[in-house]
Each structure stands twice: as C-alpha cells, then as structure tokens.
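The opening residue of the sequence shown carries number 19 in the working numbering; numbering runs sequentially from there.
Comments concern the structure below.
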Amino acid sequence: MRALLAPRAIAIVGASAQPGSLGQRLLTNIRKCGFAGPIYPVNPGQDSIDGLRAYPSVAAIPQQVDCAAFAVSDTRIEQALAEAAQAGVRGAVVYGRLYEPPGGSGPNRPQRLAGIAQAAGMAMCGGNCMGFIIARDRVVLSGNPPPLAFRPGRIAIISHSGSTWSGLVGSQRDLDITYAVSIGQELAGTMADHIDYILAEEETRAIGLVIETIRDPEGFAAAARRALAKGVPIVALKLGRSALGQRFALSHSGALAGSAEIYMAWLAELGIPVCTTLDQMTDMLELMSCRRRPAPGALGAATDSGAERQLVVDLAADIDCPIAKLGPATEARLVDILDPGMVPENPVDVFGDGKMVLGDCLDAVADDPAVAMVAMVTNMVHGRPYLTSAVTAIEASAARTDKPIVVLANLHSTISREAATRLRDQDIPVLMGTETGLRAIRAWLRWNAGRDRRPEPAPAASPAIAERWRARLRGGGITPAQALELYGEFGGPVVVDAQTTGLPATLAAAERLGYPVVLKTANPAIAHKTEAGGVVLGIADGAALAAAHERVARACGPLMTVQKQVAPGVELFLGLITDEQLGPAITIGFGGIFVEVFRDTVTVIPPISARKAQEVIKQLRCYPLLAGARGRPPVDLAALGEAIAAFSRLAAALAGELAEFDINPLVCSPSGLVAIDALAVTKGQAT
C-alpha cells in the first residue's frame, strides 16, 4: 500500500504527448502538482515526452519504480501489468473498465489481472476507477482530478463511484481532504486495506466511504473496529439501497429484511453512521473531523430567528436529535441577558430588540452541564454587517469553552463562503442544512457515547444443542412444529400443541389441551397459512372443531396442528435472514397477518443481549402498545427481551444452515409471551 499511495518514483505506462489523451493528462497532472520524486514516461514509440526521457518499458527504467499508472487499452493491460510486476513495481493504478465479451472459459480479465497483482505482492487501485489524490505528498494519479488544496488535511474519502469521488473532492464545500481514492473494482487492495493505511497517518480524523458493495466483510469489519478503537469516525453512504436484488422470499424475513436493511444494521454494529445523501455525508464528515469531542449530554443551541428556532426543534423531534433541557441556573443567567419577555429555553432565541447578546447566550448555553455541544443557528448571509459581528461572537465563545461550537445554517445557498472558511480554519464546523446538520449532530453524539460504552456480551447458545440442530437441518427441511421446537430449545417461549392426521386424533388432542383451541394446517408446502385458508381461531367445542377440520383439510390437506388458544396480546414478528456476504441478521417488528403491510421493523446483527433487545424495540412505532398505551398494562418487557435474545442466539448459531426463519406471531401480554407459529427455510431449500 505504501508503494501505491506514497511512491518515491512513478511510471506512466502509455504516456503520450497527444492532447486530451489519458496518457498526456496523467503525465501533466502528476508533474504540475509538485510531486517530489522522479516521473518516468513509458512509451516504446517515443524517445521523449514533454521534455522527459521516455522508456520502452518499465524494466528499462534505471531505478526502482514504486507505482505505475496504466494509460493503455484493456486489450494491452495484462501484458503491461505483468511486465511491471516482473520489474518489481508494487503499486498499480488501472483505469479501464476491463470489459471482455462474455462466453470465454476460465478466469475473466479482471480475475486474471488480480492474479498477476496478487502473485507479485502488488497493491492495485482499480480497475474502472478515476485514480487518487494524496494531498500531503502531492501525489495526483488521475486523468481528470478535481481541484484540491495541497496540505495535510484531516478527511479521507474512499469511493467505489468515480463521479461521486470527484464531486466530493472538488465541491465548493471546501472539505479539508487529505486522501481521496476512487477505488473501483478492488482487484488487489480492498477498502479495508485503505482504511488500515489511513489509520497509520496521524493527520486523518474522519473517513468517508461511498460503498456499492463490501467485497471483504471480515477484513472490513476488522479495519472498522481498529478505527473505532483509535477514535477515527467512519461515515458511510451506501449506494443501491432501494435495489434489493433479492430473490422471491419464502418467508416474511426475506421480504422485510433486504440487503439494504442488513447493510445498515451491519455497519451500525461496527459503529459506522450511515447517511443517505451526499449533503448529509459532508455535514457528518466536517463535524466528525472536528478536534473537539462532545461532552456527555445533548445539543444546546442559540438562534437569531424565532421561526427558525421552531424549525430546528420540529426537525430535531422528527429525527430524534436530542435537545438539552437547560438547568435553573442557566435559565436565570439567560433571563439577565435577554430582552424582557424573551424565553430562556433551549434553543435560545437571542434576537429581541436588536441588542447584540449572541456571545453571552452562547457562553451560557455552553456552560450548562446538560449540554454536550453548542450550535449557533444562523444563515450567514453574505454582505450583511450582522455576519461579521455574529462570526466574531462565535469565535469568542469557541475560545471560552472546550465543547464543540458549530454553525448550523438552515439554507446552504445563503452561506458566506469567506465567513465559513474563516470559521472552519479555526476548527468551527459550518453545517449546511437544518436536517442534514441535525442528523450529523445526532450521529456525532451517538458515536461518542457509543465509543466508550462496552457492549454487553450476549449469552452463547449451547454447543450441544446447536450442533444437534445443525446436523438435523443439513438433513433437510423441518416442519413448522419442528421449527417451534427449535426455538424452544434455544430458550424461546412456545405454545403447547399437537400434530394430528384425521378427525379422531384432532378431537382427542383438543380434549387433552382444553378448549378453546386453534386449528392450523401442518402442510409443509404452505408457507403462509392464513392466506391459504389454513387457520381457524377460537374453536370452542368438538362440533366447531369438526367443521373447521373439514374446511382446513379440503383447502390444505390432512396434516394438522392443534394449539391451545392463547390470550390476546400485541403480536410481534421475529425473523432471520442470512445474507450471502454479511451473514445473519434478525428483524423484529409488528407481527400477525399484516406484518408486510405495516412494515414496522428494526434489523440488528445477532447475537444480542436481552438488555439490548429491550433498547432495540423502542425504535418500533408499535412500542407504545408494548409499553402500555392509553392506560393498558404493559407487556412483560423483560421476558420479551429474553425471547428476542434467545432468537438471536438461534440466528447466530444456525445461520450456516438456515437461510430464513420466522416466528410469527409472538404474542406478548402482561402475563407472558408465547410463540404461536414458525417457519424455517434451510440453505438447501433456498437454493
């Protein structure tokens, strides 16, 4: 990686004097950026290019070359890369798409190039990339680089998307970027390798990732944990969230937890905030690269607009960005500062009768023990005298506190670029949008709080039970009744039932269980029983059971399950889906027959503890029903946490054999919980 990203000598293979060619642009860009080492054009048809001696091959260059950039066609790239590898080059930048017509046998062109590089111990950027810029070392290996200030910087960008890379690096947002790589296809050098390299550079204080896919989940996870331990936040923009690309799902799990939800949960488990827009990403990167860390607590703010004060609190409520409750001492202090009749509450409206009290208010808010960081909400309109006085007050307050002071602008098009640059040079972030800024603040507060919080270990499954069920699942599919048995063995609460064939056996089972009972089809080919007419509830006696038995048998076949009717409660859904790349994920949500209609779910990576499960379910819209809405008694939340933890143990232990697994419904009531139905899809069935 050092040969690739901090080379001492560079070769441009395919260098050219032809205006507009990639070879000409690469050579021009690396020369004009001020790179300190030697640059060698390679072109067998030229003796010199732009005043530099040209060489027929990399092997002919008189000194060791660390990195070679290849401005050659896809049809010539394999030979050129092999020659460079043989000459000892250990870093390569390959820009081409590496397209090869389908239909050939053996490895394709990208795979062959990866083999060459890996055999030579070579790190490669690309293919299908736009290259990279390392500002500190003045290395520009891109044919069309965006402008960038050559200084140490503090933000790194690694992007699968070339155009997004150039937009982020070249935006007039003036992000302080030191390291920017358009990584392409990661043929020999993964995103994890780049993160590890960045972590060795002391200047970098935040890393932004634009992700299409994660090709090395294990390596990526390890690198992300190292970044978290070092205190370097990683922010991710995941592309393709709506293109789930999932096969037709046999279970609710497959329909509810697509690849986007699993990616979000997986990244969150690694302490990586995920954003959905580039504006949100740039606000996050600017804030999270700030040297100051928030104190414990919530957001304190001052604003110069009563209306925009309302806008801030409305949006903060929408996205769950915490607003601090100021203490009595702070409120009394503000009463003395503000004009008569002004309300001393957070966010503080400082604009009364025109008296300039901004700095005093910022100081008061910053000194409150409940405040983690302070935002000055102002639009920084260029050319107004107020702008200068506001900037001066913000600077003075920042000098008087150790807490982060940021500017939160509600309208990015009003921001004075000169004033923003002045503040940013003093490590005062300028966030460019109410919602994007508040999302960045929420992420920053959560990241700092979570970094120091030791995760509670989740109890492991019994090895003997796990191995027995793995062997059983490898032998083929299991019935819904067996799926309930599986959940029960991992510690889940399950209903008492009986499997029957024929009316006499069904009647006898109902007598043993006691009426009222529920009758369900046990036909293993029917995944969703209600839709198939395979469920009858509230059967009070033998006559009703006989009629129900006839209807279900006619619709679904003779195999039946008889269950004791349980008391009504809130119905939840627990689901497992195993992603081919990222492994198992569990989905918790509002259940019953409308599970896919309401889609009130949250996805997490197993295993989780019972305590974490109780925290996770608070994200559900249906949580008030569980906690006791409108005077109703709450369900047994402690037992619910244990039931979810048991399901997560099952998911973690059996993900290698289970593709999907549903518990639906899990009926929750004040007196307890019980799983009523289950569906298991083994890996063999899924394929």
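Note that CB positions come from ideal geometry on N, CA and C, so glycine has one too.
Remember, it's a predicted structure, so these values are computed and weren't measured experimentally.
Measuring straight from C-alpha to C-alpha, what distance separates A657 and C574? For A657 and C574, the distance between alpha carbons rounds to 35 Å.
Span of the alpha helix (DSSP H), counted from its first residue to its last, around P642: 641 to 645 is the extent of the alpha helix (DSSP H) around P642.
Would you kindly report the start and end of the unbroken beta strand (DSSP E) that includes G149? Unbroken beta strand (DSSP E) run through G149: 149 to 152.
What is the DSSP secondary structure of F266, counted as helix, strand or coil? With a pLDDT of only 32 at F266, under the threshold of 50, the placement of this residue in the model should not be trusted, and no figure is reported.
To the nearest angstrom, how far is it from the Cα of L504 to the Cα of V112? Cα-Cα distance, rounded: 51 Å.
Where does F591 sit, in a helix, a strand or coil, going by DSSP? The answer is strand: DSSP assigns F591 an E or B state.
Would you report the Cα separation of L262 and T605, rounded to the nearest angstrom? Unreliable placement is indicated for L262, whose pLDDT of 38 sits below 50; the coordinate value is still reported in the next sentence. In this structure, the straight-line span from the alpha carbon of L262 to that of T605 is close to 16 Å.
Residue nearest to F591 in terms of C-alpha spacing, selected from Q599, I626, C640: Among Q599, I626, C640, the Cα nearest to that of F591 belongs to C640.
Let me know the secondary structure DSSP gives D371 once reduced to three states. Here D371 carries a coil assignment [DSSP, helix/strand/coil].
Could you check where the alpha helix (DSSP H) with I433 kicks off and where it finishes? For I433, there is no enclosing alpha helix (DSSP H), as DSSP marks it with neither H nor E.
Assign Y215 to one of three DSSP states: helix, strand, or coil. Secondary structure at Y215: helix, using DSSP grouped into helix, strand and coil.
For R233, three-class secondary structure by DSSP: Correct three-state label for R233: coil.
Given a threshold of 16 other Cβ atoms within 10 Å of its Cβ, counted over all protein chains shown, does K636 qualify as buried or as exposed? Only exposed fits K636, as fewer than 16 other CB atoms lie within 10 angstroms of its CB.
Put E413 into one of helix, strand or coil per three-state DSSP. In the structure shown, E413 sits in a helix (DSSP, three-state: H, G or I).
Between the alpha carbons of A218 and K256, how many angstroms are there, rounded? Per the coordinates, the alpha-carbon of A218 lies some 25 Å from the alpha-carbon of K256.
Can you determine whether any heavy atom of the ligand SAH sits closer than 7 Å to the C-beta of D445, and answer yes or no? Looking for the ligand SAH in the displayed structure turns up nothing, as the structure carries no ligands at all.
By Cβ distance, which residues of its chain are closer than 6 Å to G55, with the 5 residues on each side in sequence left out? Once the five neighbours on either side are set aside, the close Cβ partners of G55 are R26, A27.
Start-to-end residues for the beta strand (DSSP E) that takes in A313: First-last for A313: undefined, no H or E at that position.
Is DSSP giving D506 helix, strand or coil here? Here residue 506 turns out to be Gly, not Asp, going by the sequence shown. Residue state, collapsed to three classes: helix.
Have a look at P422, I496, I446 and flag the residue whose alpha-carbon is nearest the alpha-carbon of L463. L463 has its Cα closest to that of P422, out of P422, I496, I446.
Between D338 and R460, which are expected to be in contact by the criterion C-beta below 8 Å, what is the C-beta distance as a whole number of angstroms? At roughly 7 Å, the Cβ-Cβ gap stays under 8 Å, so D338 and R460 are in contact.
Since G109 contacts A141 with CB under 8 Å, what's their CB separation in whole angstroms? Between the beta-carbon of G109 and that of A141 there is about 5 Å, and that keeps the pair under the 8 Å contact cut.
Using beta-carbon positions only, say whether E180 and M148 come within less than 8 Å of one another. Strictly speaking, residue 180 in this sequence is Gly, with Glu absent from that position. Taking 8 Å as the cut-off, the beta carbon of G180 is found closer than this to the beta carbon of M148.
P128 burial status per 10 Å Cβ neighbour count (16 or more: buried): Classification for P128: buried.
Leaving out the 5 sequence neighbours to the left and right, which residues in its chain are closer than 8 Å to D297 when beta-carbon positions are compared? Counting only Cβ-Cβ distances below 8 Å, and skipping sequence neighbours, we find H430, M450, G451, T454.
Extract the residue ranges of the beta strand (DSSP E) inside the region 140 to 186, only unbroken runs of 3 or more that lie entirely within it. The region 140 to 186 contains these whole beta strand (DSSP E) runs: 141 to 144, 149 to 152, 157 to 159, 173 to 177.
Terminal residues of the alpha helix (DSSP H) in which D515 lies: Not the alpha helix (DSSP H): D515 falls in the beta strand (DSSP E), residues 515 to 519.
Might you give, ordered along the chain, the residues of its own chain that have their beta carbon closer than 6 Å to the beta carbon of L227, omitting 5 neighbours on each side? For L227, where only same-chain residues beyond five positions count, the Cβ hits under 6 Å are I176, A254.
Which residue from C51, Y58, K50 puts its Cα closest to that of V31? Cα-wise, what sits closest to V31 is Y58.
Out of G659, I67, I595, I681, which has the shortest C-alpha to C-alpha gap to V613? Distance check between V613 and each of G659, I67, I595, I681 places I681 closest, using alpha-carbon atoms only.
Enclosing alpha helix (DSSP H) for T300 [first to last residue]: Counted as a single uninterrupted DSSP element, the alpha helix (DSSP H) harbouring T300 occupies residues 296 to 306.
Who are the near neighbours of L531 in its chain, counting only those whose CB is closer than 6 Å to its CB and skipping five residues on each side? So the qualifying residues of the chain are K582.
Give me, in chain order, the residues of the same chain whose beta-carbon lies closer than 6 Å to that of D584; leave out the 5 immediate sequence neighbours on both sides. It is worth fixing the name first, because residue 584 is Val in this sequence and not Asp. Around V584, the same chain offers V685, V692 as residues with beta carbons nearer than 6 Å, after the five sequence neighbours per side are excluded.
Taking the beta carbon of R457 as the centre, do at least 16 other beta carbons fall within 10 Å, making it buried, or is it exposed? Buried.
Three-state secondary structure assigned by DSSP to Q703: In the structure shown, the three-state DSSP call for Q703 is helix.
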